[in-house]
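Student: Got a structure here, written out as structure tokens. Questions coming.
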Amino acid sequence: MKLIRLLAVASLLVLSFASCKQSSAPADDAAAPKASSNKVAVVVSTLNNPWFVVLAETARDRAKELGYDAVIFDSQNDPAMEAQHFDNLIASGYSAVLFNCTDAKGSIANVRRAKTADIPVFCMDREIEANDAAVSQILSDNYSGCVALGQYFVEQVGEEGKYVELLGIVADTNTWNRSKGFHSVVDRYPGLKMVAQQSADFDRTRALEVLEAILQAHPDIDAVFCGNDAMAMGAYQALLAAGKADKVKVFGFDGADDVVKAVAEGKIAATVMQFPKTMARTAAENADKYIKGQREFPQRTPVAVELVNSETVHKFGDYGRKN
Amino acid sequence: MAGNPTPSADQPRARLPWPWIVVGVIVVGLFVVYPPLKIANKSAPAASGSATNTAAFDAVAFAGRFWSEELLPATSTATDAGTLLVALRADPAASAKTHAHRVGLGSAAYYFARGTGRITAVERSRLLVEIGGETVAIRTGPVFGNAVRDGTGLLDVNQVPGLAEFNALSAEFNRLVEARVQPALKDAAVGATVTFAGCAEAPESLPASGPLLTFIPVQAELQP
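Chains as they are written, first to last, in this note's numbering: chain D, 2 to 324; chain U, 14 to 237.
Written out as structure tokens, the structure is:
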């Protein structure tokens, strides 16, 4: 009898250790496909900009098409809120995160926490400055787009003139990739003078306010280069209010629908089409492949962007190329 | 003598029953194989930060090495410009599919070609060159864009720490073109022959007028 009791105790011990091992397996072995929830989180920097709404909704919709429950988390351009979203989605056992970060450096910690919890992260549009945290990063080639935009800027404004640059969020690498691409061209022409360079945080209202203030000191500018289309629309509004919309050329970046229309109407000189739908779909498809067992992904995949001006605008619409 | 009995050699010793020994061995074995606790190094995430893009990337050194060790040797196997122009004239899309290189997703594509032609015009920032009845341009003014970086198909963004570094390479390649190649073309004259290798953006459709392609030269030599 005693022997039977002892063997029963031994069996229970074996079973309990085995079950402990089973439950900890995903955390220990990142290569093993997860048998977890069917939920995919879309964490987006902001929904206060139509371009990011398209990015987030396309990612969510593609994930749903692939059979997942997808939920959008709006970080409202606030790294603290983004961190809270990651806390919540880690606690809720999401299977993957389609991620548009608020901060190229600051967001790395969130991605690493998700990775530690065995939740793969797939970056969209905005880069995080780490190569070992996200599974993949599908990124707009912002620099190249602004090289093309800079060349067109010189063609339109000429080799002499005064201009203003409205920068995006200073912590975002896209802000600087765009600015550097633009300046790699424009700075070669010493007759083109930048009279002011100021951040308007990729925000339309902020751009309006910033340019209104700049126009007080520099009423004789020839052009405004804006790091995104929301700021370009804000700048255009400021120029309209100042009675200068016909004289000052505005250049944007994103390919937002309202700006593409404004290019067609001659209100905005040019923008650069990014392809948010392509990036969002690719990120969602990568997540699906990962969940199904694929492990080899290029860390970064640049997505080429294209100049939208009066000559090419007929090719574009609905955040991409017309079919 | 009264007192506690002293154990003697002939008394049986108290022994653990063998099943308890078995259980003990199993427990110890399981602890070894499946440790119930895992010691995690709290500083590990910080240490792995070494894989972030903070490490200095020397675009000048990288581009210089790539230029001499990979780019220039590859010119000998670049597409023949005459062949490329015939294909381009026939079908731009098919030509791009056959001869062009792409980086990442999107429609931008670049050719890498070599050829010899006669200079038909010398303009402010380009030469016009006739090759097999077609006209191409060779850039002699400021160089912008990614034609050299992306044109050969020899470089991938994942060979460098990040996009910023990849972009820095473009700028450096363009500087090398201006410093090392374009000076050889400064005395170009109409009627002279130029032998070159270079990269050019692939057009989606044939231009209504002007040169079919604009090459950024990575190698150029004039013959009177």
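C-beta: ideal position from N, C-alpha, C; glycine also.
#1: Unbroken alpha helix (DSSP H) runs of length 4 or more, entirely within the segment 211-249 of chain D: which are they?
#2: Contact check, D/Ser-46 vs D/Asn-101 under 8 angstroms by CB: the rounded distance?
#3: Can you list, in chain order, the residues of the segment 137-165 of chain U whose Cβ is nearer than 8 angstroms to any Cβ on chain D?
#4: Where does the unbroken alpha helix (DSSP H) through D/Gln-157 begin, and where does it stop?
#5: Which whole-angstrom value is the C-beta distance of D/Phe-317 and D/Gly-253, which I expect to be below 8 angstroms?
#6: On the DSSP bridge list, what partners appear for D/Lys-194?
#7: Could you check how far apart the C-beta atoms of D/Phe-276 and D/Met-232 are, in whole angstroms? I think they sit under 8 angstroms.
#8: Would you mind stating whether D/Ala-208 and D/Ala-236 have Cβ atoms separated by less than 8 angstroms?
#9: Please decide whether U/Leu-118 counts as near chain D, where near means a Cβ-Cβ distance under 8 angstroms.
#10: Assign D/Leu-241 to one of two classes, buried (16 or more other C-beta atoms within 10 Å of its C-beta) or exposed (fewer than that).
#11: Taking the beta carbon of U/Gln-236 as the centre, do at least 16 other beta carbons fall within 10 Å, making it buried, or is it exposed?
#12: Could you confirm whether any beta carbon from chain D is found closer than 8 angstroms to the beta carbon of U/Val-170?
#13: Under 7 angstroms Cβ to Cβ from U/Pro-58, same chain only, skipping five residues before and after it: list those, please.
#14: Using a Cβ cut-off of 9 angstroms, which residues of the segment 172-190 of chain U contact any Cβ in chain D, in chain order?
#15: According to DSSP, which residues form a beta bridge with D/His-86?
#16: Any idea if U/Ile-34 is buried or exposed, counting beta-carbon neighbours within 10 angstroms, 16 or more meaning buried?
#17: Quick one: which unbroken alpha helix (DSSP H) runs of 4-plus residues sit fully inside the segment 133-178 of chain U? Chain order, please.
#18: Can you grab the Cα-Cα spacing for the pair U/Phe-157 / D/Val-41, in whole Å?
#19: Is there at least one Cβ from chain D nearer than 8 angstroms to U/Ala-215's Cβ?
#20: Determine whether the Cβ of D/Ser-93 lies closer than 8 angstroms to any Cβ atom of chain U.
#21: Would you please verify whether the beta carbon of D/Val-314 is less than 8 angstroms from any beta carbon of chain U?
#22: In angstroms, rounded to a whole number, what distance separates the CA positions of D/Val-249 and D/Asp-223?
#23: What's the call for D/Asp-75, buried or exposed, on a 16-neighbour Cβ count within 10 Å?
#24: Taking contact to mean at least 3 C-beta pairs separated by less than 8 angstroms, is the segment 104-124 of chain D in contact with the segment 142-156 of chain D?
#25: Determine the DSSP secondary structure at U/Gly-128, reduced to helix, strand or coil.
#26: Classify U/Asn-17 as helix, strand or coil using the three-state DSSP reduction.
#27: Say whether chain D places a C-beta atom closer than 8 angstroms to the C-beta of U/Ala-121.
#28: Taking C-beta pairs closer than 7 angstroms, name the residues in chain U that D/Ser-185 reaches, listed in chain order.
#29: Under a CB-based cut-off of 8 angstroms, is D/Tyr-153 close to chain U?
#30: Can at least three beta-carbon pairs, one atom from the segment 158-178 of chain U and one from the segment 275-290 of chain D, be found at a separation below 8 angstroms?
#31: Could you name the residues of the same chain whose beta carbon sits closer than 6 angstroms to that of D/Gly-321, not counting the 5 residues immediately before and after it, in chain order?
#32: So, are the CB atoms of D/Leu-212 and D/Ala-271 less than 8 angstroms apart?
#33: Across the segment 125-137 of chain U and the segment 85-101 of chain U, are there enough close Cβ pairs to call them in contact, namely three or more that are closer than 8 angstroms?
#34: Taking the Cβ atom as the reference point for each residue, do D/Ala-115 and D/Val-122 lie within a distance shorter than 8 angstroms?
#35: May I ask you to report which of helix, strand or coil DSSP gives U/Ile-34?
#36: Would you identify the three-state DSSP class for U/Gln-195, choosing helix, strand or coil?
Tutor: Put simply:
#1: 230-242
#2: 5 angstroms
#3: Pro-155, Phe-157, Gly-158 and Asn-159
#4: 143-158
#5: Wrong, their Cβ atoms sit about 13 angstroms apart, outside the cutoff.
#6: D/Lys-163
#7: Their Cβ separation, rounded to whole angstroms, is 20 angstroms, which puts D/Phe-276 and D/Met-232 out of contact at 8 angstroms.
#8: yes
#9: yes
#10: exposed
#11: exposed
#12: yes
#13: Low per-residue confidence applies at U/Pro-58: pLDDT is 36, beneath 50, and the placement is therefore not dependable enough to give any value.
#14: Pro-174, Gly-175, Leu-176, Ala-177, Phe-179, Asn-180, Ala-181, Ser-183, Ala-184 and Asn-187
#15: According to DSSP, which records beta bridges pairwise, D/His-86 is partnered with nothing at all.
#16: exposed
#17: 160-164
#18: 41 angstroms
#19: no
#20: no
#21: no
#22: 5 angstroms
#23: buried
#24: no
#25: strand
#26: In this prediction, U/Asn-17 has a pLDDT of 44, which is less than 50 and means its spatial position is unreliable; what the coordinates show is noted afterwards. In this structure, U/Asn-17 counts as coil in the three-state DSSP scheme.
#27: yes
#28: Phe-157 and Ala-184
#29: no
#30: no
#31: Phe-276 and Lys-278
#32: no
#33: yes
#34: yes
#35: helix
#36: helix
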